[in-house]
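Counting with the numbering used here, you get residues -14 to 925 for the letters of the first sequence. Where a beta carbon is used, it is the ideal one built from N, C-alpha and C, also for glycine.
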Amino acid sequence: MPRYNPAVIEPHWQAYWEEHRTFSAPDIPTGDKLYVLDMFPYPSGDGLHVGHPEGYTATDIVCRFHRMKGYSVLHPMGFDAFGLPAEEHAIRTNTPPQESTDRNIATFRRQLKMLGFSYDWQRELATTDVKYFRWTQWIFLQLFDTWFDEDQQRGRPISELPIPPEISENGEQVVRQYIDDHRLAYQANAMVNWCPALGTVLANEEVIDGKSERGSHPVERLPLRQWMLRITAYADRLENDLQELDWSESIKTLQSNWIGRSQGTEVDFYIGSQETNQKKHKIFPRKPSDDVLRVYTTRPDTLFGATYMVIAPEHPFVDRLTKAEQQTAVKKYCESASRKSDLERTELAKSKSGVFTGSYAVNPVNDQLVPIWIADYVLVSYGTGAIMAVPAHDTRDFEFAQQFNLPVVPVVDPGDVADVDRAAVLAGRECFVGHGIAINSSNYDRLATSEFQNQITADLTADGIGKQAVNYKLRDWLFSRQRFWGEPFPILHQLDNDGNPTGLIQAVPESELPVNLPKLEDYKPAGTPDPPLAKAPDDWLYVTLNGHRYRRETNTMPQWAGSCWYYLRFIDPQNDQAFVDPAKEKSWMPVDLYVGGAEHAVLHLLYARFWHKVLYDRGYVSTPEPFQKLVNQGMILGELEFTGYQDPAKRWISTEFVETEVQGQKVQKDSRQPLQAVTLDIDQVEKKGDSFVIKDNPDIRVESRSYKMSKSRGNVVSPDEIVKEYGADSLRLYEMFMGPLEETKPWSMAGVNGVRGFLDRAWRMIIDDRSEEIQLNPAVQDVDLNEEQARVLHRTIKAVTQDLATMHLNTAIARMMEFVNFFTKQSKRPRSAMNQFVLLLSPYAPHIAEELWQALGHDPSLAYVPWPDYDESMLMESSVEIPVQINGKLKSRTTVSVDCSKEHLEQAARSDKKIVPLLEGKQIVKTVVVPGRMVNFVVR
RNA sequence: GGCCGAGUGGCGGAAUUGGCAGACGCACGGGAUUUAAAAUCCCGUGAGGGUAUCCCUCGUGCGGGUUCGAGUCCCGCCUCGGCUACCA
């Protein structure tokens, strides 16, 4: 077998590594450690996508490199296996979801092994393993057992929660309620997407435009008892601790924006009877009293411009504030609002909607009566669910005021600012949201916005009608799903003698874990909002503990749960005494490099960091953050496509006359006629100016771009076909050669063929492809390197090593290609250089490298052979070509010795035969000489 | 609407961070080998032009600026992509 044949050598070396446990990691690292983690995949029925191996290959290269550098490397893989598709499959086929999950995992495992990743497969786990989710449940119990101490800014055991006397004097029931209200895991009523036609509760992503994704049935919003996690308590720490992390600034801003901390002021507007008017308190009450409507604003300086108020349709005061004559209208409005999805409330609503309650409140700063409206542009879940509306200085309020003819009172003078029509603002005809100088604000007039804010917040605080407040866009985490295929909650609901819930809850004792999923008769939806587990057999559902009868919690945890801590379990995957051994945890954590798709940039990473911080506060982990360095790989798109557009009469329409409608339909700009997309072949088009046009009709521009890979577009590439045709090493190499890891890049089959060509050439550089047996190419000889060969070798080692350290894997491959191009032309190829090259190549293309290493006469494996060193002195060339410029324009090049002095270089440039005539008769104003770099004469 | 990112040959992308734009690969063209093809090897390949084995001009989305010198820095735009969605 003289030719490079990946189909033979790849399975051989995979079997070798597996048999010899080449990549098993020690329990405790010896010497330097490196923990490199891939975001583990959801094992879908479609198998691996070429997007997966991109990040996996990059991390594998880093791992293989560090093993050769002498590090202890932990590089595990597992499966995030709970999830909706498996449950949908179970419903359709009436088979337990475990079965399809196991099948899919087997496919993923096979595909991952086929790509030669150096995972320690002994540590493989799936979130659906009972042995794993036993500890997911255990961590939930820690969250349940923790309260957040605001003063100390950390989570503490619930047993240390101080109980105020006014609580404890009301008896055990009230105390237990108080305690439950302070846990990090607590129950609340939250809205769910209930679909009566399907008889099930849907996840947000299953709802599209207010209809179910499957079957397009109407979806209602329904309040349901849910488990929540108090992530907002950790919001400030989650934001501040980002600073210490080696993550890209854009991901940090993304998380920071998601947390969305804003500082503002809470203000009470009096809504009681007119006679008493507003009361002033000594101190601002923690919970608003019944006769006030509390609002949150970031612009307390605009209080004098508040001309009306708005409460959310779900606000608890809706009924109280609705006057008899408005009853019908309000009821109708709130009902229609409850049917709207969040999306409909925002994007699709081109104009604002709302209804007047009939009630008024008193503006505390000027005692004016302002009408209270209900509108769905105010969200009940943010701030206090009520706002003071300042149409002159808030675009949303302005739109609403225009719609319903409400007064606009300007209170901020913008002054002379570009793009602002000051006169229009002062006349209330335009809205201005910037800072300026106060007007129409009594004795606050003439104050600058920020001074005003400080001043009025102090004054409101002194009067007990306001105080500074902080709000977050981040909401508490809705942590339960009405689904079967998830971790059961280790929670019991106490029942009274009649079998009704008492409202008291009880954690399942740690010794009773795990709470496994029951076997069900069928997986069909119950037809009620009850979770499927409510249909479980009684011997699962009902529990007797310490003489009480309990019913198990029937909600399950969301898919995020298992992925919140898997990186810890990989450190000690078999431990049945603890979720992770503390000594092992301390020696391996934190994760040194975490690579995955940007789609998890916010939620997964935020949730995992939150759990980690709770575990840290409770002393179970040693680092405040789990992932020290994070890299987000870019998306891999399908092959480049050319698309032309035709109208119904099959006439071509150039792209500048094509518009996209909201639903994605392409239409002609003026006539709004729908257009047909036609895929064109590369040789039907040509480049003209900035765009591509139809060759036979150069006035017609066409679209040229790559699209996301999707089944419906039919541009999905499977790793299986690439490995079959080109081999795993070619796939790995191509994915790295495509471009920078973080960038979005289009797939190209021709590109895969190109890197395969490189591996073929590398093979022939070392192996005699004419012989029957594997034997060395006769050009490979035990000879010393000549000066040039040594320079090329050491330059390659240096470049490849440095590029690897900075994860510029595409240019490292280019350097190795240059090496092969050079040495292929050498009639004598020193064996030592070939050895070094194979080591450089091995992290990228490990199978061919092992094969070549053996052919060069070494024992397997090269996985722990020291990484080549380079000698800086070998890189030096004796002479160097220096560009000579006149007025910054390149005019000539001159060759000088590498250690040439500044003076000498200038002299050489000045006397260059092309430069001499150009300088003749000119006055040299300035000469710039950068030794080893360039010379520039500035002349007049 | 907001935030983030990106615009360099026919295509993917390089460019030591202000110093020879287009490394490397693909595609394409020419040649060698071959009965022929595949494979392989060699040469060429940003655009335009000229007195054509040599030389000139232009050129990194557009318009300005800083600098001896800008793909790289600053200001203002345009286009595309991703995320997000009335957060008061």
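The segment 242 to 261 makes contact with the segment 456 to 472, as at least three CB pairs between them are under 8 Å. A direct Cα-Cα distance of roughly 11 Å separates residue 590 from residue 580. Contact between residue 832 and residue 143 does not hold, since the beta-carbon distance rounds to 54 Å and is not under 8 Å.
For residue 21, the uninterrupted beta strand (DSSP E) run begins and ends at 18 to 23, by DSSP. In the DSSP annotation of this structure, the continuous segment of the alpha helix (DSSP H) that includes residue 789 starts and ends at 772 to 790.
With contacts defined by Cβ atoms closer than 9 Å, residue 18 and residue 59 form a contacting pair. Taking the Cα positions, residue 779 is about 10 Å away from residue 804.
Annotation: residue 661 to residue 694 spans about 21 Å, alpha carbon to alpha carbon. Residue environment: residue 861 is assigned as exposed (fewer than 16 neighbouring CB atoms within 10 Å of its CB, all protein chains considered). Residue pairing by DSSP leaves residue 161 without any beta bridge partner. Listed as beta-bridge partners of residue 276 by DSSP are no residues whatsoever. The segment 202 to 210 makes contact with the segment 168 to 180; the number of CB pairs closer than 8 Å reaches 3 or more. The residue from 14, 632, 639, 288 with its alpha-carbon nearest to that of residue 428 is 288. Shown here for residue 658: same chain residues with a beta carbon closer than 8 Å to its own, the five before and five after excluded, namely 632, 633, 652 in chain order. In terms of Cα proximity to residue 170, the closest of 322, 708, 218 is 218. According to the DSSP assignment, residue 492 belongs to the beta strand (DSSP E) that extends over 486 to 492.
Annotated three-state conformation of residue 697 is coil, per DSSP. Cβ contact annotation for residue 806 (same chain, cutoff 7 Å, sequence separation greater than five): none.
Annotation for residue 713: the continuous alpha helix (DSSP H) segment containing it runs 713 to 722. Residue 85 counts as buried, since at least 16 other C-beta atoms from the protein chains shown sit within 10 angstroms of its C-beta. In this structure, residue 534 sits away from residue 379, with a CB-CB distance that is not shorter than 9 Å. Out of 914, 592, 426, the CA that lies nearest to the CA of residue 213 is found in 592.
For the options 925, 424, 924, 883, the alpha carbon positioned closest to that of residue 918 is the one of 883. Beta-bridge annotation (DSSP): residue 704 is not paired with any residue.
In the three-state reduction of the DSSP assignment, residue 121 falls in the helix class. Secondary structure note for residue 678: its beta strand (DSSP E) is the uninterrupted segment 676 to 679. Within the segment 283 to 348, the runs of beta strand (DSSP E) at least 3 residues long that lie entirely inside it are, in chain order, 293 to 296, 340 to 347. The beta carbons of residue 586 and residue 152 sit about 41 Å from each other, so the pair does not count as a contact at 8 Å. With a contact defined as Cβ atoms closer than 8 Å, residue 551 and residue 576 miss out at about 11 Å. Looking at the DSSP output, residue 864 bridges to 882. Looking at the DSSP output, residue 626 sits in a beta bridge with 690. Cβ-Cβ distances below 6 Å link residue 319 to 298 in the same chain, with the five nearest sequence neighbours on each side left out; the list follows chain order.
Counting along the chain, no alpha helix (DSSP H) covers residue 249; the unbroken beta strand (DSSP E) around it starts and ends at 247 to 255. The residues 624, in chain order, have a CB closer than 7 Å to that of residue 733 in the same chain once the five nearest residues on each side in sequence are set aside.
Nearest to residue 847 by C-alpha distance, out of 864, 866, 867, 821, is 821. Going by DSSP, residue 205 is part of the beta strand (DSSP E) stretching over 205 to 214.
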